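No gaps in the numbering here: position 127 of the sequence shown is 383 in this note's numbering, and each next residue is one more. Quick reminder that beta carbons are idealized off the backbone N, C-alpha and C, glycines included. Just so it is clear, the structure is predicted and the values come from calculations on it, not from any experiment. Worksheet: one structure, shown below.
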Amino acid sequence: MATGRTHRPATRSRGIPEATVARLPLYLRALTALSERSVPTVSSEELAAAAGVNSAKLRKDFSYLGSYGTRGVGYDVEYLVYQISRELGLTQDWPVVIVGIGNLGAALAGYGGFASRGFRVAALIDADPAMTGRPVAGIPVQHSDDLEKIIAEDGVSIGVIATPAGVAQQVCDRLVAAGVTSILNFAPTVLSVPDGVDVRKVDLSIELQILAFHEQRKAGEDADAARPAAPVPPPAPRATAAPAADGGRKGPDGDVPAVMPA
């Protein structure tokens, strides 16, 4: 089986936009669900709705893959699953190391979605000597002193950082120096990496803060809707001119005002 070290996805060389690449996993998740229900074909509208995008954007994204569907029939589900999986590099074996086996790292180690997407947890690494040898999700934890050796032996190119923020950059530097070229960062900090290294950041606190913003805005809108409308004051009475002394003669522009005696 091919390893992540020697095979790279072809998306960049084929000029697929990053925004499209970011949506491919959404399409794959929706297609996988359809495949599990033995659905043979799907229209662009149905698949777009399942993936949470509009159908025009979906058709544009698939055009980069060379898939245009069949008019009146739609897209072949199994073929799209294979095609997107190939573009994302998921038809290969990608060994992954997880560094930092606290609550979050342990939860990631036990996540079943890795194996089903072509990712193999090759090693769990922690700096705490008390963790060394302890099995987590059936994998014994190894000490961080062996990080470089583990990466070299397993041909690891993807690292997951689940450490406290204070040591995340140091861990990142060691991963990069050992040959890791893609990093998934769960630590609440921004990592600095050289060119050629990709970093994806997952910050749960930021996502919750964004949700809090939307909740606050919705609450404000509800309060505004529930507030009774302020009464509209009646219009002020319009002033009327006194009758003209000459019986109200009309001029070309309206009433001619009375002429006061000298």
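Just the Cα atoms here: how many angstroms apart are G476 and D349? 49 angstroms
For F318, which of helix, strand or coil comes out of DSSP? Under the three-state reduction of DSSP, F318 is assigned to helix.
To which residues of the same chain is T347 closer than 6 angstroms at the C-beta, ignoring the five residues directly before and after it? S341
Any beta carbon of chain C sitting closer than 8 angstroms to that of V392? Chain labels in this structure do not include chain C; a single protein chain is all it has.
What does DSSP give as the partner residue(s) for V377 in the beta ladder? V352
Kindly list the residues whose CB is nearer than 6 angstroms to the CB of T259, restricted to its own chain and excluding five residues on each side of it in sequence; keep chain order. Per-residue confidence for T259 stands at a pLDDT of 41, beneath the threshold of 50, marking its modelled position as unreliable; the derived number appears in the next sentence. The answer, listed in chain order, is D349, G411.
Given that a residue counts as buried once 16 or more other Cβ atoms are within 10 Å of its Cβ, and exposed if not, what is N359? exposed
Since S438 is in the beta strand (DSSP E), which residue starts that stretch and which ends it? 438-441
So, for G374: in the same chain, excluding its five sequence neighbours on each side, which residues have a beta-carbon less than 8 angstroms away from its beta-carbon? S341, G345, L346, T347, Q348, D349, W350
Output the distance between the C-alpha atoms of H399 and S448, rounded to the nearest integer angstrom. Distance between the alpha carbons of H399 and S448: 24 angstroms.
Buried or exposed (CB count within 10 angstroms, at least 16 for buried), V416: buried
Considering Cα atoms alone, identify which of A365, V337, V458 is closest to S291. V337
Enumerate in chain order the residues of its own chain whose CB-to-CB distance from V377 is below 7 angstroms, with the five nearest sequence positions on each side excluded. V352, I354, A365, F370, I395
Which residues does DSSP pair with I414 in a beta bridge? V352, S438
Any chance the segment 429-439 sits against the segment 461-479, with 3 or more Cβ pairs inside 8 angstroms? The answer is no - the segment 461-479 does not touch the segment 429-439, with fewer than three Cβ pairs under 8 angstroms.
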